[in-house]
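Undergrad:
Chains as they are written, first to last, in my numbering: chain W, 509 to 1174; chain L, 3 to 134.
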């Protein structure tokens, strides 16, 4: 139900209710007042008549009495009858034209109660009747009854009541009309406003409400409402813009973070900028030294593109200034802005322009330019535009870094590939030269041995006297030839050995052999040599040393070499060989009481051609390769050689080899 | 009866040296200058021992050893390689080819005869062999 209808109904109901209750109340009052008046008139009349007739009664003049009451009845319009009862209860006089009614005759003997007039109401065929009974002087049952016809009185009352009700109805009608008028004046604009608010709330907003004529209060209200509507529309518009901006930022962030190439980032940036800022043109420049190089513009196919100079200088025109000062530059109208020196923009019809440096907190990587053909306040959106430019610059920087890293990686890969190729060539060359060296050594060895065969062989034959006798001097000289030839042969053998080892061609042929036996064999081999120098050879092989699985020939070679060295460098005293088993290793120590080695020379004793210079003449013959070969051989057997020495006291060389050589699975 | 030793060797000086030592020790020495000649000589004379150089003309020592081993009459004759080959696997290759022993050049004149005797059957020793 409409508000104004409700107001009208309400007012009408209130007025009706009020007037109805008022009229009801007033009819009651009227009736009571009128009835009271009649009653008091009747009472007064009865008393007056009682006084009038008292004298006649005393004198017993019934005719006089009748005359008085008839007069009284005749004068009083509403008096229906009057009758008087004497003290004995007999009818004394009455005004009934056709004789005393029988109905009343029964009441004649009723006793008089009290001295005051008594009122009794009857209902008769002629209408309601009020009877006043007053006692008469003389006592007993003497009294006067006055019957008063109330019909006319009730008629008057009803008439009055009718008048009152008409009045009340009138008032109700007037109230209703007034309510209707009031609602027209107040409720209708209110209803309109309500309707409008509903529309507004549901989004079907219309323009402002027309100002109603008349009431100022309503007009003020409508005005206030209109102001509110305008305010809200402004707010909504700005919120919508902010939402659009945030959505743009979000979309831009999503797209650029998904792209790693600079090209993709630029494309995504331009598209999203056009979508969220809606400029007529957007440019993106990247900084290259002191130049800004145009990378792209949007929307695609824009007419402003055609005559663009793709390169800008830092510090020149709006974009250059923005890059140089690392601050956004906004121009409301480039036609009147002295900073804008790029005529193409003006000729293309651009008016407002925003140049946003892309720096993201560090160096400027580029500039985003936004142009509008209408005058537009880009600065009003500065917060958003600057947030946008930070987002873009971070994405651009990441993409640029990524490209750099990629190019570095590619360069590195090229270098590695080239280096690998170089190494492969070098390796091939090295392998080839190794092969040539081995072949050369084998040939050399063979070729050197053949003549040596003759030298050693014939010297030996001569020395054995197989070819005939010779003198002592000749024997000494032949001995020298033989020694030199032997030394030369040792050298050839050692060089061949060490080159084989270095070329990785050393073959280890492991077999089971008895270690104590091998040690004794070697000791026996050098026995004559030690004996010749007057040295004592001491052998101490632990009972824990037994069978060994290793390369017997190589073990012999090492031991022989070490023993020969010990004897060679010892002039007096002893050479001792001790052999023991320690945790799966066979340790053989060869100690002497020889010249010893200086501490500074110790580290070099195992290097090739490093026979220690004793400071004396080089009287100890040797190739200088022996120890180097020994150490390499020991390594090939899975063991090693250590040396301890004290100058002038002696040296100890300790050979360690595993009891069982591990098969390397070659 | 003197033991017969066949020397297959192309180098004159070595041939002379070995022949001289062995003859001094009382052996009967036969000479061949190349592989083919050596095989023919061996088949013809059935020596008690063959001393075989590896680097010889016509066919090398390995081939000669294999050829000799294929000949039933000579399959049990000891063959000793005398070579200056000293590279990895040389010793093994000679044994594989059918040689019984290996003496590295240059030979040691003091011990050469003694080394040879080890390969001869006991009755084949020369007049001086084993008595020194």
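Beta carbons are placed, not taken as given, at the ideal position from N, Cα and C, and that holds for glycine.
Computed from a prediction, not measured in an experiment: that's the story for all the values here.
If contact is defined by three or more beta carbon pairs under 8 Å, each pair taking one atom from either stretch, is the segment 4-14 of chain L in contact with the segment 1098-1111 of chain W?
TA: Between the segment 1098-1111 of chain W and the segment 4-14 of chain L, the count of C-beta pairs closer than 8 Å stays below three; the two stretches do not touch.
Undergrad: Is the number of C-beta pairs between the segment 684-704 of chain W and the segment 658-672 of chain W that are closer than 8 Å three or more?
TA: no
Undergrad: Report the neighbours of residue 968 of chain W on chain L: residues whose CB is nearer than 8 Å to its CB, in chain order.
TA: The residue labelled residue 968 of chain W in the question sits at position 460 within the first chain. The contacting residues are 110, 111 and 112.
Undergrad: Helix, strand or coil for residue 1115 of chain W? Go by DSSP, reduced to three states.
TA: Reading the first chain from its first residue, position 607 is the one you call residue 1115 of chain W. Coil at residue 1115 of chain W, not helix or strand.
Undergrad: Using a cut-off of 9 Å between C-beta atoms, extract the partners of residue 53 of chain L located in chain W.
TA: Taking the second chain and counting its residues from 1, the one referred to as residue 53 of chain L is at position 51. What residue 53 of chain L touches in chain W: nothing, since even the nearest Cβ is about 13 Å away.
Undergrad: Where does residue 1154 of chain W fall in DSSP's three states?
TA: Within the first chain, residue 1154 of chain W is the residue found at index 646, counting from 1. Reduced to three states, the DSSP call for residue 1154 of chain W is strand.
Undergrad: Along the segment 17-29 of chain L, where does the CB come closer than 7 Å to a CB of chain W? Name the residues.
TA: 19, 22, 23 and 26
Undergrad: Would the beta-carbon of residue 86 of chain L fall within 8 Å of that of residue 1160 of chain W?
TA: As a first step, residue 86 of chain L is located in the second chain; it is residue number 84 there, counting from the start. As a first step, residue 1160 of chain W is located in the first chain; it is residue number 652 there, counting from the start. No, they are not a contact pair.
Undergrad: So residue 764 of chain W and residue 773 of chain W are supposed to be a Cβ contact under 8 Å. How far apart are they, rounded?
TA: The residue given as residue 764 of chain W occupies position 256 in the first chain. The residue given as residue 773 of chain W occupies position 265 in the first chain. With 8 Å as the limit, residue 764 of chain W and residue 773 of chain W qualify as a contact, their Cβ atoms being about 5 Å apart.
Undergrad: If you draw a straight line from the alpha carbon of residue 850 of chain W to that of residue 825 of chain W, how long is it in whole angstroms?
TA: In the first chain, residue 850 of chain W corresponds to position 342, counting from 1. In the first chain, residue 825 of chain W corresponds to position 317, counting from 1. Approximately 6 Å between the Cα atoms of the pair.
Undergrad: Looking only at its own chain, which residues have a Cβ that is under 8 Å from the Cβ of residue 1075 of chain W, when we skip the five neighbours before and after it?
TA: Position 567 of the first chain, counted from the first residue, corresponds to residue 1075 of chain W. Taken in chain order, the residues that qualify are 1034, 1037, 1038, 1041, 1043, 1083 and 1100.
Undergrad: Less than 8 Å between the beta carbons of residue 66 of chain L and residue 51 of chain L, yes or no?
TA: Your numbering for residue 66 of chain L matches position 64 in the second chain. Your numbering for residue 51 of chain L matches position 49 in the second chain. Not a contact, by the Cβ cut-off of 8 Å.
Undergrad: Who are the near neighbours of residue 830 of chain W in its chain, counting only those whose CB is closer than 7 Å to its CB and skipping five residues on each side?
TA: Taking the first chain and counting its residues from 1, the one referred to as residue 830 of chain W is at position 322. Result list for residue 830 of chain W: 836, 837, 863, 864, 865 and 875, in chain order.
Undergrad: Quick check: is the beta carbon of residue 1125 of chain W nearer than 8 Å to any beta carbon in chain L?
TA: Looking up residue 1125 of chain W in the first chain gives position 617. Caution applies to residue 1125 of chain W, whose pLDDT of 40 falls short of 50 and renders its modelled position unreliable; the value that the coordinates give is listed next. Cβ-Cβ to chain L under 8 Å: no for residue 1125 of chain W.
Undergrad: Quick check: the segment 614-634 of chain W against the segment 547-564 of chain W, are there 3 or more CB pairs under 8 Å?
TA: yes
Undergrad: Can you tell me which of the three DSSP states residue 32 of chain L falls into?
TA: Along the second chain, read from residue 1 onward, the residue named residue 32 of chain L stands at position 30. Reduced to three states, the DSSP call for residue 32 of chain L is strand.
Undergrad: Between residue 77 of chain L and chain W, is any beta-carbon pair separated by less than 8 Å?
TA: The residue given as residue 77 of chain L occupies position 75 in the second chain. By this cut-off, residue 77 of chain L is not an interface position.
Undergrad: Just to make sure I have the definition right: I need the residues of chain L whose C-beta is within less than 7 Å of the C-beta of residue 965 of chain W. Which are they?
TA: Indexing the first chain from 1 puts residue 965 of chain W at position 457. Going along chain L in sequence order, the residues near residue 965 of chain W (Cβ under 7 Å) are 19, 108, 109 and 111.
Undergrad: Please determine if the segment 1062-1074 of chain W and the segment 1087-1102 of chain W are in contact, where contact requires at least 3 C-beta pairs separated by less than 8 Å.
TA: yes
Undergrad: Please state the DSSP three-state secondary structure of residue 1123 of chain W.
TA: As a first step, residue 1123 of chain W is located in the first chain; it is residue number 615 there, counting from the start. Note that residue 1123 of chain W has pLDDT 43, beneath the 50 cutoff, so the model's placement of it is unreliable and no number is given.
Undergrad: For residue 971 of chain W, which three-state DSSP category applies?
TA: Within the first chain, the letter at position 463 stands for residue 971 of chain W. Of the three classes helix, strand and coil, the one that applies to residue 971 of chain W here is helix, per DSSP.
Undergrad: Which residues of chain L have a Cβ atom closer than 8 Å to the Cβ of residue 997 of chain W, listed in chain order?
TA: For the purposes of this step, residue 997 of chain W is taken as the residue at position 489 of the first chain. Result: 108.
Undergrad: Could you tell me which chain W residues have their CB closer than 7 Å to the CB of residue 15 of chain L, listed as they occur along the chain?
TA: The sequence position of residue 15 of chain L within the second chain is 13, counting from 1. Ordered by position in chain W, the residues that pass the 7 Å Cβ test against residue 15 of chain L are 962.
Undergrad: Does any CB atom of chain L fall closer than 8 Å to the CB of residue 957 of chain W?
TA: If you number the first chain from 1, residue 957 of chain W lands on position 449. So yes, residue 957 of chain W belongs to the interface.
Undergrad: Residue 81 of chain L to residue 929 of chain W, Cα distance in whole Å?
TA: For this step, residue 81 of chain L is matched to residue 79 along the second chain. For this step, residue 929 of chain W is matched to residue 421 along the first chain. For residue 81 of chain L and residue 929 of chain W, the distance between alpha carbons rounds to 51 Å.
Undergrad: Excluding sequence positions up to five away, which residues of its chain have a Cβ less than 6 Å from the Cβ of residue 655 of chain W?
TA: For the purposes of this step, residue 655 of chain W is taken as residue 147 along the first chain, with counting starting at 1. Closer than 6 Å at Cβ, skipping near neighbours: 588, 589, 637 and 639.
Undergrad: Just to confirm, are residue 1048 of chain W and residue 1086 of chain W a CB contact at a threshold of 8 Å?
TA: Within the first chain, the letter at position 540 stands for residue 1048 of chain W. Within the first chain, the letter at position 578 stands for residue 1086 of chain W. Contact: yes.
Undergrad: Verify whether the separation of the beta carbon atoms of residue 32 of chain L and residue 43 of chain L is less than 8 Å.
TA: On the second chain, position 30 is the one that residue 32 of chain L refers to. On the second chain, position 41 is the one that residue 43 of chain L refers to. Yes, Cβ-Cβ distance for residue 32 of chain L and residue 43 of chain L is below 8 Å.
Undergrad: Under three-state DSSP, which class holds residue 1087 of chain W?
TA: Along the first chain, one-based indexing puts residue 1087 of chain W at 579. Residue 1087 of chain W falls in the strand class under three-state DSSP.
Undergrad: Which residue marks the beginning of the beta strand (DSSP E) containing residue 627 of chain W, and which one marks its end?
TA: Here residue 627 of chain W refers to the residue found at position 119 when the first chain is read from its first residue. 626-632 is the span of the beta strand (DSSP E), which, as asked, contains residue 627 of chain W.
Undergrad: Taking residue 741 of chain W as part of the alpha helix (DSSP H), name the residues at either end of that continuous run.
TA: The residue labelled residue 741 of chain W in the question sits at position 233 within the first chain. Unbroken alpha helix (DSSP H) run through residue 741 of chain W: 724-766.
Undergrad: What do you get for residue 113 of chain L, buried or exposed, if any count of 16 or more other CB atoms within 10 angstroms of its CB means buried?
TA: Numbered from its first residue, the second chain carries residue 113 of chain L at position 111. When all chains shown are included, residue 113 of chain L counts as exposed.
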